[in-house]
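Peer 1: Encoded as structure tokens, here's the structure I'll be asking about.
Right, here's the structure in full:
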């Protein structure tokens with residue numbers, strides 16, 4: 001399976017989950033047909049190269065939330081500060097996040113943290129936090145001429161607690177983070193980095209006019225942010 | 001005064017504060033000299049078109065803070081939530097900000113707010129807030145291949161209170177905001193928008209290795225984020 005520039009389509013097999021299978025049994029295709037089929041496939045891929053990266057309709061709120069969480073490489077984290085002179089006050093800070101490769105996110109925002117970081121020190125006292133991500137971080141809002149504060153420039157907010165992950169989940173977190181943030185592999189080992197995630201208790205979504213909407217963690221994790229190639233071809 | 005593509009240089013007068021004055025009294029220049037002078041001026045402008053938009057050296061912490069504050073169009077605001085089920089917990093949200101035109105910022109982060117917004121409702125109960133801005137919001141970190149969480153991808157955090165501004169300061173805020181966020185002029189009037197700013201009590205800067213640094217509001221407002229054309233020409 002080789003990724004295209006969209007990071008989620010393949011030329012050998014379009015969709016592993018079985019929506020479109022273009023495999024041809026060996027010896028069943030004439031030598032003239034094979035290049036034609038490949039050509040047709042490339043034309044289709046060129047025509048709809050990044051369909052799966054279109055934002056879902058705004059009424060599919062959970063899907064929009066998953067889409068934004070997967071598109072963004074970093075988040076702003078709010079904590080309650082434990083540092084003078086702002087002890088007890090809110091504190092905002094930027095952190096790299098990843099829920100997996102673009103197009104294949106799990107929805108879980110993983111982070112790579114060190115206790116040397118002041119927001120992480122806040123989390124040691126009170127793990128309650130909030131992560132916000134906005135499509136203003138991508139080219140989407142600029143391309144669509146949406147102001148960063150416009151609800152059309154979709155942004156999401158997670159409420160929950162930030163917890164360390166270990167064992168097999170640390171392996172998952174490492175794969176998700178180092179895949180999208182390769183520089184992390186070289187960060188100084190004496191900083192005692194550890195993997196963490198936000199345990200989401202509530203998802204807030206601003207993706208259209210009419211005020212903020214909420215999504216339960218259950219609906220958020222059930223949602224499919226990217227339209228399959230099959231459904232795109234047959235639903236227009 | 002006409003802006004160049006950098007938004008801060010002029011061809012008629014380079015620097016209003018008097019660093020470089022290229023005005024020529026009428027009738028004092030021969031018809032042959034005028035095109036030559038204009039040509040030289042254009043060559044200089046083409047050679048150093050965006051010098052003023054270079055990030056200041058990391059050790060000039062206050063200048064870096066002013067630079068980031070002026071380059072970013074939006075900020076993440078942390079508040080203490082007043083909303084169930086996260087009452088008392090930190091809450092992060094995205095807001096458009098402006099301290100003035102790019103290249104001419106005052107350092108004051110102005111915002112255009114409505115009480116219909118849930119973070120603004122939080123501020124009514126507790127105006128203490130934190131605003132974070134990162135060069136990850138611009139092309140800088142991508143172009144330099146800096147991870148969003150790297151301290152080299154400079155980010156700043158303001159602590160303080162968010163207060164409404166009125167009178168002449170509201171006029172200043174409107175000019176700063178509507179200049180960089182023209183869409184705001186058309187936002188629905190029944191939302192009762194008002195102008196606000198963060199009264200900064202502390203500035204936190206992450207712009208290099210070695211941990212977070214702090215800047216007093218006094219040093220922050222005294223700093224000059226952009227190198228003048230004059231000092232660039234004569235200091236190399």
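Chains as they are written, first to last, in full-length UniProt numbering: chain S, 1 to 236; chain F, 1 to 236. Where is the CB? At the ideal position from N, CA and C, for every residue including glycine.
Residue 162(F): which of 127(F), 195(F) and 220(F) sits nearest, CA to CA?
Peer 2: In the second chain, counting from the first residue as 1, residue 162(F) sits at position 162. Here the closest residue by C-alpha is 127(F).
Peer 1: Pick from 213(F), 205(F) and 209(F): whose alpha carbon is nearest that of residue 68(F)?
Peer 2: Taking the second chain and counting its residues from 1, the one referred to as residue 68(F) is at position 68. Nearest of 213(F), 205(F) and 209(F) to residue 68(F), Cα basis: 205(F).
Peer 1: Excluding five sequence neighbours on each side, which residues of the same chain lie with their C-beta closer than 7 Å to the C-beta of residue 174(F)?
Peer 2: Within the second chain, numbered from 1, the residue matching residue 174(F) stands at position 174. Within the same chain, residue 174(F) has close Cβ partners 195.
Peer 1: Apart from the five residues just before and just after residue 222(S), which ones in its own chain have a Cβ nearer than 6 Å to its Cβ?
Peer 2: Reading the first chain from its first residue, position 222 is the one you call residue 222(S). Correct list: empty, nothing qualifies.
Peer 1: Please name the residue or residues paired with residue 113(S) in a DSSP beta bridge.
Peer 2: For this step, residue 113(S) is matched to residue 113 along the first chain. Residue 113(S) is bridged to 194(S).
Peer 1: When you compare the segment 136-143 of chain S with the segment 92-107 of chain S, are there three or more beta-carbon pairs, one atom per stretch, that lie closer than 8 Å?
Peer 2: no
Peer 1: Under 7 Å Cβ-Cβ, which residues of chain F neighbour residue 93(S)?
Peer 2: As a first step, residue 93(S) is located in the first chain; it is residue number 93 there, counting from the start. Among the residues of chain F, those whose CB is under 7 Å from the CB of residue 93(S) are 132 and 157, following chain order.
Peer 1: For the segment 136-153 of chain S, enumerate the residues whose C-beta is nearer than 9 Å to any C-beta of chain F, in chain order.
Peer 2: 136, 137, 145, 146, 147, 148, 149, 150 and 153
Peer 1: What residues from chain F crowd round residue 77(S), counting only those whose CB sits closer than 8 Å?
Peer 2: Your numbering for residue 77(S) matches position 77 in the first chain. Simply 92.
Peer 1: Using CA atoms only, rank isn't needed, just tell me which of 144(S), 203(S), 77(S) and 98(S) is closest to residue 121(S).
Peer 2: The residue given as residue 121(S) occupies position 121 in the first chain. Ranking the options by Cα distance to residue 121(S), first place goes to 77(S).
Peer 1: Between 143(F), 131(F), 98(F) and 224(F), which lies nearest to residue 176(F) when the distance is taken from Cα to Cα?
Peer 2: Position 176 of the second chain, counted from the start, is the residue given in the question as residue 176(F). Considering only 143(F), 131(F), 98(F) and 224(F), the residue with the shortest C-alpha distance to residue 176(F) is 98(F).
Peer 1: Could you confirm whether any beta carbon from chain F is found closer than 8 Å to the beta carbon of residue 80(S)?
Peer 2: The sequence position of residue 80(S) within the first chain is 80, counting from 1. Closer than 8 Å: yes.
Peer 1: Under 9 Å between beta-carbons, which chain S residues line up against residue 202(F)? List them in chain order, please.
Peer 2: As a first step, residue 202(F) must be located in the second chain, where it is residue number 202. Chain S residues near residue 202(F): 85 and 86.
Peer 1: Note down, in chain order, each residue of its chain lying with its Cβ closer than 8 Å to the Cβ of residue 220(F), except the 5 sequence neighbours on either side.
Peer 2: Here residue 220(F) corresponds to residue number 220 of the second chain, with the count starting at 1. Correct list, in chain order: 62, 65, 66, 107, 200 and 203.
Peer 1: If I follow the unbroken beta strand (DSSP E) through residue 171(S), where does it start and stop?
Peer 2: Reading the first chain from its first residue, position 171 is the one you call residue 171(S). Boundaries for residue 171(S): no beta strand (DSSP E) harbours it, while the alpha helix (DSSP H) harbouring it runs 167-180, taken from the DSSP string.
Peer 1: According to DSSP, is residue 222(F) helix, strand or coil?
Peer 2: As a first step, residue 222(F) is located in the second chain; it is residue number 222 there, counting from the start. Residue 222(F) falls in the helix class under three-state DSSP.
Peer 1: How about residue 159(F) and residue 86(S): are their beta carbons less than 8 Å apart?
Peer 2: Your numbering for residue 159(F) matches position 159 in the second chain. Your numbering for residue 86(S) matches position 86 in the first chain. Result yes, Cβ atoms of residue 159(F) and residue 86(S) sit closer than 8 Å.
Peer 1: Measure from the alpha carbon of residue 114(F) to the alpha carbon of each residue in 184(F), 152(F), 226(F) and 72(F), then state which is nearest.
Peer 2: Taking the second chain and counting its residues from 1, one reaches residue 114(F) at position 114. Here the closest residue by C-alpha is 184(F).
Peer 1: Taking only three categories from DSSP, how would you classify residue 58(S)?
Peer 2: Locating residue 58(S) in the first chain gives position 58, where the first residue counts as 1. Residue state, collapsed to three classes: coil.
Peer 1: Identify the contact partners of residue 313(S) in chain F, using a Cβ-Cβ distance below 9 Å as the criterion.
Peer 2: The displayed coordinates of chain S run from 1 to 236. Any statement about residue 313(S) would go beyond what the structure contains.
Peer 1: What does a CB cutoff of less than 7 Å around residue 123(F) pick up in its chain, not counting 5 residues either side in sequence?
Peer 2: Your numbering for residue 123(F) matches position 123 in the second chain. For residue 123(F), where only same-chain residues beyond five positions count, the Cβ hits under 7 Å are 79, 129 and 162.
Peer 1: Note down the Cα distance separating residue 143(S) from residue 53(S), rounded to an integer number of angstroms.
Peer 2: Position 143 of the first chain holds residue 143(S). Position 53 of the first chain holds residue 53(S). Between residue 143(S) and residue 53(S), the C-alpha separation is close to 14 Å.
Peer 1: Would you identify the three-state DSSP class for residue 205(F), choosing helix, strand or coil?
Peer 2: Taking the second chain and counting its residues from 1, one reaches residue 205(F) at position 205. Reduced to three states, the DSSP call for residue 205(F) is strand.
Peer 1: Taking CB distances under 8 Å as the criterion, tell me whether residue 181(S) reaches chain F.
Peer 2: By 1-based counting over the first chain, the position of residue 181(S) is 181. Chain F contact via Cβ: present.
Peer 1: If we define contact as Cβ-Cβ less than 8 Å, is residue 73(F) a contact residue for chain S?
Peer 2: Within the second chain, residue 73(F) is the residue found at index 73, counting from 1. Cβ-Cβ to chain S under 8 Å: yes for residue 73(F).
Peer 1: Ignore the nearest five residues each way along the sequence and tell me which others in residue 156(F)'s own chain have a CB closer than 6 Å to its CB.
Peer 2: For this step, residue 156(F) is matched to residue 156 along the second chain. If we look at residue 156(F) and ignore the five residues flanking it on each side, its Cβ neighbours are 65, 68, 133 and 205.
Peer 1: First and last residue of the alpha helix (DSSP H) that includes residue 118(S)?
Peer 2: As a first step, residue 118(S) must be located in the first chain, where it is residue number 118. Unbroken alpha helix (DSSP H) run through residue 118(S): 118-125.
Peer 1: Within the same chain, show all residues whose beta-carbon is closer than 7 Å to that of residue 187(F), passing over the 5 residues directly before and after it, in chain order.
Peer 2: Looking up residue 187(F) in the second chain gives position 187. If we look at residue 187(F) and ignore the five residues flanking it on each side, its Cβ neighbours are 193.
Peer 1: Any idea which residues DSSP pairs residue 227(F) with across the strands?
Peer 2: Counting from 1 along the second chain, the entry for residue 227(F) is found at position 227. The partner list for residue 227(F) (beta bridge, DSSP) is empty, contrary to what the question assumes.
Peer 1: Give me the residue from 211(S), 191(S), 169(S) and 145(S) with the minimum Cα distance to residue 118(S).
Peer 2: Counted from its first residue, the first chain places residue 118(S) at position 118. Cα-wise, what sits closest to residue 118(S) is 191(S).
Peer 1: Could you confirm whether any beta carbon from chain F is found closer than 8 Å to the beta carbon of residue 96(S)?
Peer 2: Sequence index remark: in the first chain, residue 96(S) carries index 96 (1-based). Yes, residue 96(S) lies at the interface with chain F (some Cβ there is under 8 Å from its Cβ).
Peer 1: Going straight from the alpha carbon of residue 211(F) to that of residue 147(F), what length do you get?
Peer 2: As a position in the second chain, residue 211(F) is number 211, starting the count at 1. As a position in the second chain, residue 147(F) is number 147, starting the count at 1. So the two alpha carbons sit approximately 16 Å from each other.
Peer 1: Between residue 69(S) and chain F, is any beta-carbon pair separated by less than 8 Å?
Peer 2: In the first chain, counting from the first residue as 1, residue 69(S) sits at position 69. So no, residue 69(S) is outside the interface.
Peer 1: For residue 213(S), collect the residues of the same chain with a Cβ closer than 6 Å to its Cβ; drop the 5 residues on either side in sequence, then sort them by chain order.
Peer 2: Taking the first chain and counting its residues from 1, one reaches residue 213(S) at position 213. Answer for residue 213(S): 61 and 205, listed in chain order.
Peer 1: Using 8 Å as the threshold, is the C-beta distance between residue 226(F) and residue 152(F) below it?
Peer 2: As a working note, residue 226(F) is residue 226 in the second chain. As a working note, residue 152(F) is residue 152 in the second chain. Contact: no.
Peer 1: Of all Cβ atoms in chain S, is any one closer than 8 Å to the Cβ of residue 55(F)?
Peer 2: The sequence position of residue 55(F) within the second chain is 55, counting from 1. With 8 Å as the cut-off, residue 55(F) does not count as an interface residue toward chain S.
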